Structures are given as structure tokens and as C-alpha cells.
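*Asks:* This is the structure, below, for whatever I ask next.
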Amino acid sequence: MSRAIANETVGISGGREGFSFYRCITNTWFLYCVSLSVFFLVWDRVAAWRIFGDSLAQPLVVLDKLYELTQIRFAGTNLGGHIWASTRRVLIGFSLASAIAVPLGLCMALNRYTNAVVKPVFDLFKPMPPIAWVSISILWFGVGEFSKIFIIAIGTFVPCLLNSYNGVRLVEPELYDVIRVLGGKRKDEIIEVCFPASFPAIFAGLQISLSVAWTCLLAAELMNARDGMGFLIKRGMDTYQPALVLGGMILIALMAWLSSLAITLIERRLCPWKTGIENL
Amino acid sequence: MPEQQAKICVHKLTKRFGELTVLDEISFEIRAGELVAIVGPTGCGKTTFLNTLSKLMPATAGQILIDGEEADPKKHNISYVFQEPTCLPWRTVRDNVAYGMEVKRVPYRERMERTDKIMELVGLSSCAGLYPNQVSASMIQRIAVSRAFAVEPDLLLMDEPYGQLDVKLRYYLEDELMHLWEKLQSTVLFVTHNIEEAVYVAQRILVLSAKPTKVKAEIPVNLPRPRSFLDPAFMEIRREVTELIRWW
């Protein structure tokens, strides 16, 4: 019996081949390195030959600038302070919005009355780009923290809600039948099937929301801020320091990537059963 | 075999979708522990029949009695092995097998004992901790079958459970089904379009007609087990059933 099982379970197998020059240069990791080196080299040379005049800094100069910012206080705080200021805004806005949007989306999918009440208004706001809210939120709430968090929350809300809503609606109906035949109650259906089945969709929504959140943050900080990574970019532009602008861009990308990675890790923890989609 | 009292009693079961009559006054009985196969021409409403029997769909008219009482999923144990794989992807193999008993509120210890026993019987023990996306299609169907048997059902409905598997695996799983059924003494209604399969597993075969569906014939299969596909008696019954449902 155990052999029959072994035949049918998927194992990990890898072929071993001998060393050859061809295999070496077609190695994916090698090609990754080539790709990145060429990119940075081209960047460095373009900057060094001043093709864009003074407005492109060499990669090492950018790094140097970032290092310098960790040492000095720039506009009241050092680099860590700026990173934290932005991250805090994203975290607050994102958590607030998703804490409301995800349950609301689930409720809408499970209860058609909730759906009928919420959906028309939601559909009205859905197509509006979140950045369109920047100006009105400054008029309403001034230039303080709240208006920035507000914009982030607005931008985060839509994809969160849509995904949790669709996640429930796309559950395979046969899975409900299994419970119904066994005489399960509506509560069993919701807890045993609906919630776990919509998890991957909810997490996909959170991923999208998070990248929207960073976009909104940047928009808000470029408009008006006294700290944060968007502020660094804006200040760099105003004082003509391309190294500072590029540094800010790199930092934002880095933070957006790290936060997305965090969500991926949480998701893997919570749904180890999920079938991954390669290269998505 | 002494005449036992009927466990399942289906009386004039009728299902209409608007003008279209799919099931037309179907009546039959199944004894406790009996394995009955249902065959019929393509599109004769076999799946509708099972959905009505399992109470997933309301019947238009007629009765389904289990032990003399109106069938009710909340009261009776009805299990259903669907044509499509219906494992819950977020549960491990073990938890999937135990899932039916969980819905039925079987106490934890008994649940685990029965799960272990049945997984041993069908050879799932070695992949108890894996998730369904890590095992093969035949394993997934095996999980569904185990889950259905594990609740010790009053009535176990199987809707072409092996229809999508290749021949070799099907033979293997049919034998396994026989093994489970003999061990656990469940009452099984096995729907299939594969006549050979029906003759191989069933004690009795109900042949359905084309729509509107009626029970066209009832053929007892009194062959000793294990049955052989090459046994002349086996081939004779297969020929007989084939004659009954041929539409060409």
C-alpha cells in the first residue's frame, strides 16, 4: 500500500547535471546578476557623462546622500524619522480602512440587504481615483496628519472591499453542497467554507490596497508635508538635489516592497494550502 | 439472503422544472446495507435524481423515507460523493476526512478514531498531514469517499465518483470501495454511466429510462465476489443492461 501512495504523491525532484560553461551562463541567478549590473552600470555612466546635465546622480552618490541623512538631522529629524513618519501614515490609514472594508465586503456578499444598501453608494465612489481626494481633504482637514491618513484610507478602502466581496461570491458552490447534504447550518457554511475560501482573495485585495496606499501617501506628502519620504523627494526637487530625489524614490520603493513582503508572509502563515501562481 | 426491511423507501418521486418533467414518479426501495447501482442513458437526469434524493433540491412530488421517516439532512446521515472533487483546500487530508463528522458534531475522540481507521483502510494515512493541492486527483476522490463513509451514513449517494479517472485507477478504487462497503455495511446508491462498473459493484441495478425518467428495469446481480469481468455470467448481465439503455 505504501508504495501505491508514494506513486501518487507529488515529491520534489531535481535532476543533476554536470558542470559546463553553457549551463553556467544560462543559470538564472547568473542572468539576474548580469541584468542588475548592466542596469547600474548604464545608470552610472549616463550620470557620469552628464547626458542629463546635473539632474541625474550616480548610484553611489545617491547611496552616499542616504547615508549622510542618517547622520544629520534634516528638517527636524534624521532618515529613520522620515521613513517612520511615512510608514506610520500608511499603517494607520491602511489598517483603519481594511478593518472596515474587509468585514463590510464579507457582509455585503453574505447579506443581500446590506449589499443593496451599500453597493449603490460604493459604485458611485469606486471609479474615482483616490488622488482626486487630495485637494478636498486638504480643504476639509487642513494640511495635518489627518488629511494624509484620510487619503490613504480612501484609496485603500476600495480594493479591500471589492476583493473580500468577490472572494465570497466566487466560492465553488459544490463546497456548500457538501455541508448542506450533511445537514450543516448556515453558520457552518459561513465559518467552514465562506471565510477560508475567501482568504486568498482578501489577501490579494490587501496587497493591491497596500500599493495604492503608498501611492496615495506620496501624493499627499508631495502636496504638503514637513516630514516623510515624499517630503524628501519634494525638498530634493525644490533645492535641485537629484541625489535626494532618487534617494527618496528608492526608499519608498523599498518600504513598499518590504510591506508587501510582510503581507505575503502573513498570508503564507494563514493559508499554507493556497496554490501559488508563478510569476504573479 | 433473508428478506430485510427496506431502509430507504422512495415513493413516486417527481421533479419538474417548469414544463419539463425530469423525474416521473420514481419508486424503489433499498434494504439496509445494500449497494444499488443506477444506470441510465446520458442526460436522463441522474444528477437531478441524486440532488433531489439528498434534499439539495426540493422534489415536486413524492416521498423519500429513511427508516419510515421523511428524509431530512438535519436528522439523518446522508452522504454525497460528488462528481467534482469537493475537498476543502484549506484542510489537511485528515481534517477533510473528519470534516463530515465535524458537521455532524461527532465528539472529538470518536471522530479521530474513526478518521484514523478509515484512512488506514483506504491508504491515506501516509498523507494525512498534506493539503489537497499536494496530492493527486485519485487521492482527492478517495478523500471524498472516506469522508462520506466516515459519518456512518444512513444513505450514501455516489454520483459517478470515478468517472474522471483512468481505467486502471478506477478498477483499483472500485475494489477499495467494495472493501469499505463490506467493512462498514453502509447503504449505498451508486450512480454511474459505466455499465461494467455498475455490474461490478452492485447487488442490484436500477435502469432508468430517458426523460421523463422512470425506473425501466431492476436487475439483481447475484454474482460471487470478487467478480471477474470475464465471467460469462458477468458478461451476460452486462449485455442485458446494455440492451436496456441503448438508444442507438
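Each protein sequence line maps, in turn, to chains A and B.
Anchor point for the first sequence: position 49 equals 205 in our numbering, and the numbering is continuous, going up by one each time.
Anchor point for the second sequence: position 197 equals 202 in our numbering, and the numbering is continuous, going up by one each time.
Beta carbons: idealized from backbone N, C-alpha and C, even for Gly.
Model, not experiment: these values are computed from the prediction.
#1: Once you ignore the five residues that flank Thr192(B) on each side, which residues in its own chain have a CB closer than 7 Å to its CB?
#2: List, in order along the chain, the chain B residues whose C-beta lies closer than 8 Å to that of Arg342(A)?
#3: Could you check the C-alpha separation between Asn271(A) and Cys263(A) for me, to the nearest Å?
#4: Quick check on DSSP: helix, strand or coil for Ser59(B)?
#5: Cβ of Gly50(B) less than 9 Å from any chain A Cβ?
#6: Quick check: the Cα distance between Ile364(A) and Pro285(A), rounded to an integer number of angstroms?
#7: To test your reading of the DSSP string, which unbroken alpha helix (DSSP H) runs of 4 or more residues are found completely within the stretch 89 to 132 of chain B?
#8: Is it true that the CB of Val150(B) sits closer than 9 Å to the CB of Lys256(B)?
#9: Looking at chain B, which residues of the stretch 319 to 348 of chain A have a Cβ within less than 9 Å of any of its Cβ atoms?
#10: Using 9 Å as the threshold, is the C-beta distance between Tyr85(B) and Val337(A) below it?
#11: In the DSSP output, what is Ile71(B) paired with across the bridge?
#12: Contact between the stretch 214 to 221 of chain B and the stretch 182 to 197 of chain B is defined here as three or more beta-carbon pairs at a separation below 8 Å; is this criterion met?
#13: Write down the C-beta distance between Leu402(A) and Val218(A) rounded to the nearest angstrom, noting that I regard them as a contact closer than 8 Å.
#14: Please check if any C-beta of chain B sits within less than 9 Å of the C-beta of Pro259(A).
#15: Starting from the beta carbon of Val156(B), find every residue of chain A whose beta carbon is closer than 8 Å, and list them in chain order.
#16: Please tell me whether Cys316(A) and Leu362(A) are closer than 9 Å, where the distance is taken between their beta carbons.
#17: How many angstroms separate the CA atom of Val15(B) from the CA atom of Phe33(B)?
#18: Answer with yes or no whether the minimum CB distance from Cys427(A) to chain B is below 9 Å.
#19: On the three-state DSSP scale, how would you describe Ser141(B)?
#20: Tell me which residue opens and which closes the beta strand (DSSP E) that Ser84(B) is part of.
#21: By the criterion of Cβ-Cβ separation under 9 Å, what are the contact partners of Leu352(A) in chain B?
#22: Looking only at its own chain, which residues have a Cβ that is under 7 Å from the Cβ of Ile335(A), when we skip the five neighbours before and after it?
#23: Leu192(A): buried (16+ other C-beta within 10 angstroms of its C-beta) or exposed?
#24: If you reduce the DSSP assignment to three classes, tell me which class Met163(B) lands in.
#25: Would you check if the stretch 313 to 333 of chain A and the stretch 222 to 232 of chain A touch, i.e. whether three or more CB-CB distances between them fall below 8 Å?
#26: By Cβ distance below 7 Å, which residues in the same chain neighbour Ala204(A) in space, the five residues on each side in sequence not counted?
*Replies:* Taking the geometry as given:
#1: The residue you call residue 192(B) lines up with position 187 of the second sequence. So the list reads Lys12, Ile13, Ile35, Ala37, Gly38, Glu39, Asp159, Leu160 and Leu161, once near-sequence residues are dropped.
#2: Here residue 342(A) corresponds to residue number 186 of the first sequence, with the count starting at 1. The premise fails here: Arg342(A) is roughly 12 Å from chain B at the closest Cβ pair, so nothing lies under 8 Å.
#3: Position 115 of the first sequence, counted from the start, is the residue given in the question as residue 271(A). Position 107 of the first sequence, counted from the start, is the residue given in the question as residue 263(A). Their backbone Cα atoms lie some 8 Å apart in a straight line.
#4: Sequence index remark: in the second sequence, residue 59(B) carries index 54 (1-based). Ser59(B) falls in the coil class under three-state DSSP.
#5: Reading the second sequence from its first residue, position 45 is the one you call residue 50(B). Not closer than 9 Å to any Cβ of chain A, the Cβ of Gly50(B) fails to qualify, so no.
#6: The sequence position of residue 364(A) within the first sequence is 208, counting from 1. The sequence position of residue 285(A) within the first sequence is 129, counting from 1. If I take the Cα positions, the gap works out to 14 Å.
#7: 98 to 108 and 113 to 127
#8: Here chain B comprises residues numbered 6 to 253, so residue 256(B) is not present and cannot be evaluated.
#9: Glu328, Glu330, Leu331, Asp333, Val334, Ile335, Arg336, Val337, Leu338, Gly339, Gly340, Lys341, Asp344 and Glu348
#10: As a first step, residue 85(B) must be located in the second sequence, where it is residue number 80. As a first step, residue 337(A) must be located in the first sequence, where it is residue number 181. Yes, the Cβ-Cβ distance between Tyr85(B) and Val337(A) is below 9 Å.
#11: Within the second sequence, residue 71(B) is the residue found at index 66, counting from 1. According to DSSP, which records beta bridges pairwise, Ile71(B) is partnered with Ile13(B) and Glu74(B).
#12: no
#13: Looking up residue 402(A) in the first sequence gives position 246. Looking up residue 218(A) in the first sequence gives position 62. Correct: roughly 5 Å between the Cβ atoms.
#14: Walking along the first sequence from the start, residue 259(A) turns up at place 103. No, no contact with chain B.
#15: In the second sequence, counting from the first residue as 1, residue 156(B) sits at position 151. Going along chain A in sequence order, the residues near Val156(B) (Cβ under 8 Å) are Leu338.
#16: Mapped onto the first sequence, residue 316(A) falls at position 160. Mapped onto the first sequence, residue 362(A) falls at position 206. It is a contact, given that the beta carbons lie within the stated cut-off.
#17: If you number the second sequence from 1, residue 15(B) lands on position 10. If you number the second sequence from 1, residue 33(B) lands on position 28. Each residue's alpha carbon lies about 5 Å from the other.
#18: For the purposes of this step, residue 427(A) is identified with residue 271 of the first sequence, where counting begins at 1. Chain B, which has a Cβ nearer than 9 Å to the Cβ of Cys427(A), makes this yes.
#19: By one-based count along the second sequence, residue 141(B) stands at place 136. Ser141(B) falls in the coil class under three-state DSSP.
#20: Within the second sequence, the letter at position 79 stands for residue 84(B). Segment Ile83 to Val86, the beta strand (DSSP E) holding Ser84(B).
#21: Taking the first sequence and counting its residues from 1, one reaches residue 352(A) at position 196. The sequence given here has Pro at residue 352(A), not Leu. Those within 9 Å of Pro352(A) in chain B are Leu93, Pro94, Trp95 and Arg96.
#22: The residue given as residue 335(A) occupies position 179 in the first sequence. Taken in chain order, the residues that qualify are Asp344, Glu345, Glu348 and Val349.
#23: The count along the first sequence starts at 1 and reaches residue 192(A) at position 36. Leu192(A) comes out exposed.
#24: On the second sequence, position 158 is the one that residue 163(B) refers to. Strand at Met163(B).
#25: no
#26: As a position in the first sequence, residue 204(A) is number 48, starting the count at 1. The answer, listed in chain order, is Gln214.
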